[in-house]
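Visitor: Have a look at this one.
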Amino acid sequence: MTPDNKLTRDRQVIDRVLHASQVLRLGLSVEGQPFIFPLAFGYDGRSIYFHTAREGAKLELFERSPQACLEFEHGVRLLRDDPDPCKWSFAYESVIGRGRVAELSEPAEKERGLREIIRHYAGAEVAVPLENLDKIRVWSVTLEAVTGRRSHVDDS
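Laid out in structure tokens, this is it:
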């Protein structure tokens, strides 16, 4: 088991957590007001991809403040090994990253982003339904900074 709250910059560990995570939590701050959005996502080893509707409040926030914080977690479980709840803990692996939200506007870019999202959940290449491409917007965040944290993780 690894020590509590072990920070890592090891990209193999970080990539493994990103590929195992199910939800991206995208954080933005506009005029001092924080926002968090849970999203489906894809990851190609360099950038995170997600999609949105054509319109909405989230899109206005991207335009006003494209700097984003991203959070992912995997293997979260409560450790209740002690009768005293104040001594309980969590086992987890998490990744925090930062980058800039950018829209993918070219059809080939949008298709590539959607392919990464679908691959993340399907675990394989699946055809992208191109007939709906004009009904959605596809975005990327290139990870400018990224770290991982692990606690009570069995490495065996």
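Residue numbers (the working numbering): 665 to 820.
Ideal placement from N, C-alpha and C gives every residue a C-beta, glycine not left out.
Given the structure is predicted, the values throughout are model-derived calculations rather than measurements.
Please confirm whether T806 and T672 have their CB atoms less than 8 Å apart.
Guide: No, the pair does not count as a contact, with Cβ atoms beyond the cut-off.
Visitor: What are the boundary residues of the alpha helix (DSSP H) that includes A772?
Guide: A772 -> alpha helix (DSSP H) spans P771 to A786.
Visitor: Does the count of Cβ pairs from the segment 742–751 and the segment 694–710 closer than 8 Å reach three?
Guide: No, the segment 742–751 is not in contact with the segment 694–710.
Visitor: DSSP on V759, reduced to helix/strand/coil?
Guide: It is a strand residue.
Visitor: In this structure, does DSSP put H738 in helix, strand or coil?
Guide: Three-state DSSP puts H738 in a strand.
Visitor: For H816, which of helix, strand or coil comes out of DSSP?
Guide: Here H816 sits in coil by DSSP.
Visitor: So, at 7 Å on beta carbons, what are the nonlocal neighbours of V792 in its own chain, with the 5 sequence-adjacent residues on each side left out?
Guide: Closer than 7 Å at the Cβ level, and outside the excluded window around V792, lie E775, L778, R779 and I782.
Visitor: According to DSSP, which residues form a beta bridge with H715?
Guide: For H715, which the question treats as bridged, DSSP gives the partners V802.
Visitor: With L794 as the anchor, note down where its alpha helix (DSSP H) starts and where it stops.
Guide: Neither: L794 is in no alpha helix (DSSP H) and is coded neither H nor E.
Visitor: Please classify W752: is it buried, with 16 or more other beta-carbons within 10 angstroms of its beta-carbon, or exposed?
Guide: W752 is exposed by the Cβ-count criterion.
Visitor: Which of the three DSSP states, helix, strand or coil, is assigned to R673?
Guide: Of the three classes helix, strand and coil, the one that applies to R673 here is coil, per DSSP.
Visitor: Is it buried or exposed, A732, if we count other Cβ atoms within 10 angstroms and call 16 or more buried?
Guide: Looking at its Cβ environment, which holds 16 or more other Cβ atoms inside 10 Å, A732 is buried.
Visitor: Tell me the rounded alpha-carbon separation between E795 and V802.
Guide: One C-alpha to the other measures close to 14 Å.
Visitor: How would you call P667, buried or exposed, if buried means at least 16 neighbouring beta carbons within 10 angstroms?
Guide: Legend: pLDDT at P667 = 46, less than 50; position of this residue unreliable, no value from coordinates given.
Visitor: What are the boundary residues of the alpha helix (DSSP H) that R728 is part of?
Guide: Residues A721 to R728.
Visitor: Select from K799, E735 and F701 the residue whose C-alpha is nearest the C-alpha of R762.
Guide: Selected option, being the one with the closest Cα: E735.
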